[in-house]
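For reference, the structure discussed in these notes is given below.
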Amino acid sequence: MKLSARNVLKGKVKSIIPGMVNTEIVIELPEGTEITSIITKTSAENLNLKVGSEVYAAFKASSVMIATD
């Protein structure tokens, strides 16, 4: 797989919450951090995602905001 995004994190699917149109996918990274992604129901089905599947979360953004209290 070749991808232009520079930020790619490998993890495992922790949970899948299907909706009418979209599906929420929670990915657990090796150190325990979780990332949540909302993808179309069709995409989730085409990827044949299951709890425990190894997946990659890819990010491409032109800016990242940082905040403090």
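Each residue of the sequence shown is one higher than the last, beginning at 1 in full-length UniProt numbering. By construction, the Cβ of each residue, glycine as well, lies at the ideal position given by its N, Cα and C atoms. These numbers were taken from a predicted model, which means no experiment stands behind them.
Beta-carbon separation (whole angstroms), residue i vs residue j, contact threshold 8 angstroms
i: N22; j: K50; result: That belief does not hold up - the Cβ atoms of N22 and K50 are roughly 18 angstroms apart, past 8 angstroms.
Residues that DSSP places opposite residue i in a beta bridge
i: V64; result: Paired residues: none, contrary to the question.
i: L9; result: A57
i: P45; result: Here the sequence assigns Glu to residue 45, which means Pro is not the residue at that position. E45 pairs with nothing; no bridge assigned.
i: E28; result: K12, E34
With 16 other Cβ atoms within 10 Å as the buried cut-off, status of residue i
i: I66; result: exposed
i: I38; result: exposed
i: G19; result: exposed
Distance CB(residue i)-CB(residue j) smaller than 7 angstroms
i: T36; j: V26; result: yes
i: S53; j: V13; result: yes
i: I17; j: E24; result: yes
i: K2; j: Y56; result: no
i: A5; j: A61; result: no
Three-state secondary structure (DSSP) of residue i
i: N22; result: strand
i: T40; result: strand
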